[in-house]
Amino acid sequence: MAVTTSKLLWCTIRFKEKEGNWWVKESSDPKHYEPDGLGILDPYQFPWILDMMDPLREYGLSNEILEAAFVPFQTQEIEKDQTVRLVRVAEHILDSEEPLFALPNIKDGDKGAYADLLEHIMRLRVKLINDTIKLEQKLTVEDVDEQLSELRNQAMIEGRDIHPFEEITDILEFVPQGHEVPGDDDDDDKPARPQAAAEDIADLPDVEEVDKDMEKNLRWDDEEEPAEEGSGESEGGESEGGAKGSGKSGRRR
Numbered sequence: 000m001a002v003t004t005s006k007l008l009w010c011t012i013r014f015k016e017k018e019g020n021w022w023v024k025e026s027s028d029p030k031h032y033e034p035d036g037l038g039i040l041d042p043y044q045f046p047w048i049l050d051m052m053d054p055l056r057e058y059g060l061s062n063e064i065l066e067a068a069f070v071p072f073q074t075q076e077i078e079k080d081q082t083v084r085l086v087r088v089a090e091h092i093l094d095s096e097e098p099l100f101a102l103p104n105i106k107d108g109d110k111g112a113y114a115d116l117l118e119h120i121m122r123l124r125v126k127l128i129n130d131t132i133k134l135e136q137k138l139t140v141e142d143v144d145e146q147l148s149e150l151r152n153q154a155m156i157e158g159r160d161i162h163p164f165e166e167i168t169d170i171l172e173f174v175p176q177g178h179e180v181p182g183d184d185d186d187d188d189k190p191a192r193p194q195a196a197a198e199d200i201a202d203l204p205d206v207e208e209v210d211k212d213m214e215k216n217l218r219w220d221d222e223e224e225p226a227e228e229g230s231g232e233s234e235g236g237e238s239e240g241g242a243k244g245s246g247k248s249g250r251r252r
């Protein structure tokens, strides 16, 4: 059986002021992580998203699926052109106390860990809505999928890439037209939508050069796995059953 390995040890990113988001410029594994249209969550956005997911915990939010969906990186150096070089860190992103960047784990594409997360939180959001809003007909994942697909199609028409922050929050904030979820807008502790400035990255702690043992420390996602496409296995395992949502392919133009 063939073995596929990830060589994702570093990436460089750039900040787009107009959007307030970071995008990948280069990576050590362009085969699985093509930079074109690939966004990355910064150390301000990732905790904000985790807070937004808190209401889904009573509906079965899986830390295993969440953890597998992102590859953690930390600042290594800032280039003269303000490009930031990140190095992958060998620790679990949910356990870390350090400010980390979170790159969507798209290694296996539409059958991968990040795609599984999008489907997972969409299903849980549907459960939450049906549990808190009295609708004439219960909301389905297909309903949400269809409406979010319209947003993706509009972005495609505009020639705009979908950043993972937008992709995830579109699901977490989804409400049927004409309704609202009690508590969504009434929480005084809800953090403001982050708009991280590029210069803030200069204040983040740097890490030392990757040593010779780094690749050994990163073996958790380089286990033997089928090379055949469509195997259905992701690095984070299988998510709940059912049709895959539009979020699985909405990242790109």
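Under numbering that gives the first Met the number 0, the first residue of the sequence shown is numbered 0, with each subsequent residue one higher. Glycine residues also receive a C-beta, built at the ideal position from the N, C-alpha and C atoms. Remember, it's a predicted structure, so these values are computed and weren't measured experimentally.
From the options, residue whose alpha carbon lies closest to that of residue i
i, options, result
"W21", "W9, D53, A101", "A101"
"K17", "E172, H162, L138, Q176", "H162"
"L127", "M51, E145, I12, E165", "M51"
"G36", "P98, P103, E66, A89", "P103"
"A89", "E97, V83, H178", "E97"
"Q81", "G59, I12, I105, H178", "I12"
"H119", "L55, I39, P29, L40", "L55"
"D107", "R87, G19, D28", "D28"
"N129", "K15, F14, P34, Y58", "Y58"
"S61", "P71, A112, F72", "A112"
"P71", "S95, D53, A154", "S95"
"L99", "K15, L40, D53, I105", "L40"
"V140", "F173, P46, R122, K79", "R122"
"P42", "E63, D53, F69, E33", "F69"
Own chain partners of residue i with C-beta closer than 6 Å, once the 5 adjacent residues on each side are dropped
i, result
"C10", "V23, S26, L85"
"I167", "I48"
"A195", "Bear in mind that the predicted position of A195 carries a pLDDT of just 47, short of 50, making it unreliable; the figure below should be weighed with that in mind. Around A195: D41, Y43."
The beta strand (DSSP E) enclosing residue i, as first and last residue numbers
i, result
"T131", "No beta strand (DSSP E) contains T131, which is instead part of the alpha helix (DSSP H) from 112-131."
"N20", "20-26"
"A101", "100-103"
"I77", "69-77"
Pairwise C-alpha distance: residue j and residue i
i, j, result
"T258", "K133", "Nothing can be reported for residue 258: it is not among the residues displayed for the chain, which extend from 0 to 252."
"P175", "I92", "32 Å"
"V83", "H31", "20 Å"
"D142", "L7", "36 Å"
"L263", "L116", "The displayed coordinates of the chain run from 0 to 252. Any statement about residue 263 would go beyond what the structure contains."
"K267", "K137", "A query on residue 267 cannot be resolved here, the shown segment of the chain reaching from 0 to 252 and no further."
"R218", "A114", "For R218, the predicted model reports a pLDDT of 47, less than 50, meaning its position is unreliable; a value from the coordinates is still stated below. Distance between the alpha carbons of R218 and A114 is about 22 Å."
"R124", "V180", "10 Å"
"L171", "N152", "19 Å"
"L147", "I48", "18 Å"
"F164", "T131", "25 Å"
"G19", "Q44", "11 Å"
"E157", "R87", "33 Å"
"A67", "P46", "16 Å"
"E145", "E135", "18 Å"
"E33", "A154", "19 Å"
"D53", "E63", "15 Å"
"K79", "F173", "40 Å"
Limits of the unbroken alpha helix (DSSP H) element including residue i
i, result
"W42", "It is Pro, not Trp, that sits at residue 42 in the sequence shown. Premise fails: P42 is in no alpha helix (DSSP H) and is neither H nor E."
"I167", "163-171"
"R151", "140-156"
According to DSSP, residues forming a beta bridge with residue i
i, result
"I12", "V23, V83"
Close Cβ partners of residue i (< 7 Å) along its chain, the five nearest in sequence each way excluded
i, result
"K15", "W22"
"R251", "Residue placement at R251 is poorly supported in this model, since its pLDDT is 37, which falls under 50; the coordinates still yield a value, given next. Excluding sequence neighbours, R251 sits near G36, D160."
"H178", "I132"
"L150", "D169"
Own chain, CB closer than 8 Å to residue i, minus 5 neighbours either side, in chain order
i, result
"I105", "H31, Y32, L37, G111, Y113, A114, R250"
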